[in-house]
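Student:
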Amino acid sequence: MLGSISNESFQEFLQHFESPEEDLQRIDSQLRRLKSDRKKSIANVSSQDGEEMRRYLNDTEAKIDQLRQAQAELNFFLKSENLDQNDQTFTMILKQKTLIKQIEFFDDIFALAKDSQLLLKESKKQLENLDFLQSYNTLKEISEILRKLGDNIETGSKQQLIETNHRKDFLATVTKLESSLTLAKEEFLYSLILIFKKRIYFNDEDAGDDSRRKNPIQTFHFDFLSTMQSKQFESYLNCILLHRNDFEIYLNNIFLYLTTDFIRPILIGSKTFTLIECDQNQTIRLESIESDELDGEDRKLEEIFQRIQKFIATIINLFTLNKTIDNYDAWSQLIGEIWSESLFETIIHSYYEKNIPKNESELPKFLESFCYARQIESYFKSIGSITNEKSYFDKYCENITENFSSLLCEEFLIRMKTILVQPQNSYVSDEILQNFSLKERIKFSSCQCSDYMIEVKKLIEEMSALLENSSTNLGPLLIETIHLVCELFITIAPYRSRALIEIDCKQNAIFHNNCLLFGHLIECLVLKHKPKLDSLYELVPTVRNIASQIFLNQMKFQEQTFANFIRNDTFQGALEQIANEIPQTELRISSQSHYEFRQGLNDCLKHLNHLHNSFNDVLSKKIHQKAMSTILKIILNQFIETILSLNDITSLGSSHLFNEIDYFSKEFKLFLIDSEDVIFKWMQLNEINQLFKSSLFEILNRWAEGQGILATYVPADQVRHLIRALFQNNERRATVLAKIK
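Letter by letter, the sequence shown follows residues 0 to 740 of numbering that gives the first Met the number 0.
1. How about residue 751 and residue 618: do their beta carbons lie closer than 7 Å?
2. Given that a residue counts as buried once 16 or more other Cβ atoms are within 10 Å of its Cβ, and exposed if not, what is residue 420?
3. Sorted by chain position, which residues of the same chain lie with C-beta nearer than 7 Å to residue 391's C-beta, five sequence neighbours on each side aside?
4. If you draw a straight line from the C-alpha of residue 148 to the C-alpha of residue 122, how long is it?
5. Nearest-angstrom Cα distance between residue 8 and residue 102?
6. Among residues of its own chain, excluding the 5 on either side of residue 240, which ones have a beta-carbon nearer than 8 Å to its beta-carbon?
7. Taking the C-alpha atoms as reference points, what is the distance between residue 427 and residue 357?
8. Please look up how many angstroms separate the CB atoms of residue 504 and residue 613, rounded, as I've assumed it's under 8 Å.
9. Does the Cβ of residue 292 have 16 or more other Cβ atoms within 10 Å, making it buried, or fewer, making it exposed?
10. So, do the segment 467–475 and the segment 505–522 have three or more beta carbon pairs nearer to each other than 8 Å?
11. In the structure shown, what three-state DSSP assignment does residue 242 receive?
12. Grouping DSSP H, G and I as helix and E and B as strand, with all else coil, what is residue 318?
13. Roughly how many angstroms lie between the CA atoms of residue 691 and residue 581, to the nearest whole one?
14. So, at 6 Å on beta carbons, what are the nonlocal neighbours of residue 42 in its own chain, with the 5 sequence-adjacent residues on each side left out?
15. List the DSSP bridge partners of residue 449.
16. Would you report the Cα separation of residue 400 and residue 407, rounded to the nearest angstrom?
17. Let me know the secondary structure DSSP gives residue 455 once reduced to three states.
18. Counting C-beta neighbours from all protein chains within 10 Å, is the total for residue 485 16 or more, i.e. buried, or is it exposed?
19. If residue 524 and residue 463 are in contact, beta carbons under 8 Å, what's the gap, nearest whole angstrom?
20. Quick one: residues in its chain with C-beta nearer than 6 Å to the C-beta of residue 256, no 5 flanking neighbours on either side, listed in chain order?
21. Would you check if the distance between the CB atom of residue 702 and the CB atom of residue 739 is smaller than 7 Å?
22. If you reduce the DSSP assignment to three classes, tell me which class residue 739 lands in.
23. Thinking residue 456 and residue 435 are a contact (beta carbons under 8 Å), I'd like their distance in whole angstroms, please.
24. Pick helix, strand or coil for residue 582, following the three-state DSSP scheme.
25. Which term fits residue 557, buried or exposed, when burial requires 16 or more other beta carbons within 10 angstroms of its beta carbon?
26. Going by alpha carbons, who is nearest to residue 653 out of 689, 634, 624 and 638?
27. Which whole-angstrom value is the C-beta distance of residue 596 and residue 659, which I expect to be below 8 Å?
28. By alpha-carbon positions, which one of 449, 450, 431 and 451 ends up nearest to residue 442?
29. Decide if residue 440 is buried, meaning its Cβ has at least 16 other Cβ atoms within 10 Å, or exposed.
30. So for residue 264, helix, strand or coil by DSSP?
31. Just verifying my parser: in three-state terms, what is the DSSP assignment at residue 130?
32. Counting along the chain, where does the alpha helix (DSSP H) carrying residue 701 start and finish?
33. Following the continuous alpha helix (DSSP H) through residue 646, name the residue where it begins and the one where it ends.
34. From 383, 444 and 347, pick the residue whose C-alpha is nearest to that of residue 371; which is it?
35. Can you check which of these residues, 65, 385 and 411, is closest to residue 476 by C-alpha distance?
36. Residues in the same chain with beta-carbon distance under 7 Å from residue 245, minus the five sequence neighbours each way, listed in chain order, please.
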């Protein structure tokens, strides 16, 4: 039957049976399903009349016969001789359909790529024409096209419309277009930021001839409208909202400068601002100038916050074209989010914390003044800038007791740091402790201290007065602050003055007195507030040890200084030449050696005089006497050791040495103090000097069998050493040495 089938019939047949084997299986399954349905239908029509049942069965049998006939025709077709020819025709048709799909696929790909390139150029042109929002939307449209392009390539690859190598080429093209899009977006964002920086900025301008403007005028420029129309500016603002994360840092900086350069000066009452609109270039400037209106009694709190509210309204109107832009709500909310918190913090830190009372009893009245700050917060809420239900200032007021205690103690610490770095001038301690309110167990000895100790005393008295009537919140924090103040002195004072302490003996002595006075102040504070400050008493020995150690280091430094005078090579060489001098020989020394020796003695005496003048009236009488006693003993010990180091002294040399030592002893006598040790050493030097002009007989008489004046001040071994250096070895010298025991 199908052996003579026409081409038209074959094409129509192919429309129904694109896969003959699958259609045979489908037909067979339909036959089985129809048989099953027939059985069910018979059961379902058992209650119907006979005529309807016969009609239904006949229809079913007819359908079955049709399917059987179709199955037979399909089997005959599959066994026909034209099957191969028909299969080739079918394959050709499928290839043709695939080719058509490929052509359509390539057309779509090229069209999308071309559209993206044209839109990139259009976006750039729109940006040049300051149509910012349209340019942004165009870039967004390009992004969507490239996404669709990538999806189409992946779909075509799955449908085998493109080969693998062609797929790679298409994907490379998409990657290039995406790179161009990324670059265009970066250029778009860069243009937005560049315009922002050029049109919003701060600078200082010359005050000119205006007498009110002694300092440069701080100016805020906001001149977008000089280069763009209002619609273009609104489009620009919309793009900033869309790129909010990228502009947040720049907006934060702008509002930080506005707060610092305009709001803060208004709060402290030193400046106000004026709004100037320049018609010529449509530039808007805000000038911060010196204010005469806020001086004295006219500086009322209400006026200050009215100026601040006016300033805030001016800024918001600048950014929103006097509230005419469509996205006014979004912009006012953005400004509030960025500006409100830092603004409120500045109001608290620059005004309220600067004017916080020093007494807890004045806090209720202080809290009433926050009503003006809340007006600023209410203004932000009225324009939708902030949506916080709880007031920022209410949170601060709820913790005012803790804030008051923290600020007060922080102020004490800051004051202490400031005091310790001030220039140092000296005052007598009696002046510093004049009208001292704390109880003194022992009266502090009169001495010179640095002037900053006056401020330290006032600070300690203030803390003592507050601690006496402090609340449960302030008390423990104030005790801790007092400990920290003491730690600051212990840490900062020696470090800051270390250079002067090590070199300048007067400053060293003054710092020593400062430490002792500070320890005295702490001790008085502890005595007044026992037992609260018992732990503070442990710092008193620490402070006094610092004073002792610093002064002891100075004494060691002075010991080395005198050693450099007396034990240097020049002084020692001159001493040996004088001791070995012989008349009428080549050992007759020149006046240069005498000059160098005398110069060394004079340098020692001059430095001693410098120390005496530095310590006199600076140290207390007791400490001054002890310090000078130490220094005088150091000098005498070093000088005596130097003299005793001579092993051979000629008669002429002994004569010259006697004159030099006699000169030194008489000058040194001017610095003697009432100290047994110093007098003893001075007498020892004089007795040694007497040996240089005494004979062996006179030496033996002065020794007086260990009971004479020589035996009192000079040990026997030193006397024997000098006898050996002064006299030649003979029986007579041996006899005298034997008697010196």
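Even for Gly, the Cβ is constructed at its ideal location relative to N, Cα and C. Here the structure is a predicted model, which is why all the values come from computation and not from measurement.
Tutor: Taking the definition as stated:
1. Any property of residue 751 remains undetermined from this structure, which presents the chain solely from 0 to 740.
2. As a first step, residue 420 is located in the sequence shown; it is residue number 421 there, counting from the start. Exposed.
3. The sequence position of residue 391 within the sequence shown is 392, counting from 1. The residues 343 and 376, in chain order, have a CB closer than 7 Å to that of residue 391 in the same chain once the five nearest residues on each side in sequence are set aside.
4. Sequence index remark: in the sequence shown, residue 148 carries index 149 (1-based). Sequence index remark: in the sequence shown, residue 122 carries index 123 (1-based). Distance between the alpha carbons of residue 148 and residue 122: 19 Å.
5. Reading the sequence shown from its first residue, position 9 is the one you call residue 8. Reading the sequence shown from its first residue, position 103 is the one you call residue 102. With a pLDDT of 44 at residue 8, under the threshold of 50, the modelled position of that residue is not reliable, and no figure is offered here.
6. The residue you call residue 240 lines up with position 241 of the sequence shown. Excluding positions up to five away in sequence, the list reads 326, 329, 330 and 333.
7. Taking the sequence shown and counting its residues from 1, the one referred to as residue 427 is at position 428. Taking the sequence shown and counting its residues from 1, the one referred to as residue 357 is at position 358. Approximately 30 Å, taken between the alpha carbons.
8. Residue 504 sits at position 505 when you count from the first residue of the sequence shown. Residue 613 sits at position 614 when you count from the first residue of the sequence shown. That pair is a contact at about 5 Å.
9. Your numbering for residue 292 matches position 293 in the sequence shown. The predicted model places residue 292 with a pLDDT of 49, which falls under 50 and marks its position as unreliable; any figure quoted below should be read in that light. That one is exposed.
10. no
11. Along the sequence shown, one-based indexing puts residue 242 at 243. Coil.
12. On the sequence shown, residue 318 is found 319 positions in, with the first residue counted as 1. Of the three classes helix, strand and coil, the one that applies to residue 318 here is helix, per DSSP.
13. As a first step, residue 691 is located in the sequence shown; it is residue number 692 there, counting from the start. As a first step, residue 581 is located in the sequence shown; it is residue number 582 there, counting from the start. So the two alpha carbons sit approximately 15 Å from each other.
14. Position 43 of the sequence shown, counted from the start, is the residue given in the question as residue 42. For residue 42, the predicted model reports a pLDDT of 48, less than 50, meaning its position is unreliable; a value from the coordinates is still stated below. Counting only Cβ-Cβ distances below 6 Å, and skipping sequence neighbours, we find nothing.
15. Here residue 449 refers to the residue found at position 450 when the sequence shown is read from its first residue. Bridge partners of residue 449: 425.
16. Start at 1 with the first residue of the sequence shown, and residue 400 comes out as number 401. Start at 1 with the first residue of the sequence shown, and residue 407 comes out as number 408. Spanning the two alpha carbons is a distance of roughly 11 Å.
17. Translated into positions along the sequence shown, residue 455 becomes position 456. If DSSP states are grouped into helix, strand and coil, residue 455 belongs with the helices.
18. Here the question's residue 485 lines up with position 486 in the sequence shown. Buried, because 16 or more other Cβ atoms sit within 10 Å of the Cβ of residue 485.
19. The residue given as residue 524 occupies position 525 in the sequence shown. The residue given as residue 463 occupies position 464 in the sequence shown. Your pair residue 524 and residue 463 checks out as a contact, with CB atoms roughly 6 Å apart and the cut at 8 Å.
20. Taking the sequence shown and counting its residues from 1, one reaches residue 256 at position 257. If we look at residue 256 and ignore the five residues flanking it on each side, its Cβ neighbours are 201.
21. Sequence index remark: in the sequence shown, residue 702 carries index 703 (1-based). Sequence index remark: in the sequence shown, residue 739 carries index 740 (1-based). Taking 7 Å as the Cβ cut-off, residue 702 and residue 739 qualify as a contacting pair.
22. Residue numbering aside, residue 739 sits at position 740 when the sequence shown is read from its first letter. Correct three-state label for residue 739: coil.
23. Residue mapping note: residue 456 aligns to position 457 of the sequence shown, counting from 1. Residue mapping note: residue 435 aligns to position 436 of the sequence shown, counting from 1. About 7 Å; that satisfies the 8 Å criterion.
24. Position 583 of the sequence shown, counted from the start, is the residue given in the question as residue 582. In the structure shown, residue 582 sits in coil (DSSP, three-state: anything other than H, G, I, E or B).
25. In the sequence shown, counting from the first residue as 1, residue 557 sits at position 558. Buried is the call here.
26. Along the sequence shown, read from residue 1 onward, the residue named residue 653 stands at position 654. It is 689.
27. As a working mapping, residue 596 is identified with position 597 in the sequence shown. As a working mapping, residue 659 is identified with position 660 in the sequence shown. Their Cβ separation, rounded to whole angstroms, is 6 Å, which keeps residue 596 and residue 659 in contact under 8 Å.
28. Residue mapping note: residue 442 aligns to position 443 of the sequence shown, counting from 1. Nearest option by C-alpha distance: 431.
29. Stepping through the sequence shown from its first residue, residue 440 is reached at position 441. Label assigned to residue 440: exposed.
30. Walking along the sequence shown from the start, residue 264 turns up at place 265. DSSP places residue 264 in helix when its eight states are reduced to three.
31. Residue 130 sits at position 131 when you count from the first residue of the sequence shown. Correct three-state label for residue 130: coil.
32. Mapped onto the sequence shown, residue 701 falls at position 702. Per DSSP, residue 701 belongs to the alpha helix (DSSP H) from 695–702.
33. As a first step, residue 646 must be located in the sequence shown, where it is residue number 647. Element bounds for residue 646: n/a, residue is neither H nor E.
34. The residue labelled residue 371 in the question sits at position 372 within the sequence shown. It is 347.
35. Mapped onto the sequence shown, residue 476 falls at position 477. Ranking the options by Cα distance to residue 476, first place goes to 411.
36. Here residue 245 is taken as the residue at index 246 of the sequence shown, counted from 1. Same-chain partners within the cutoff: 188.
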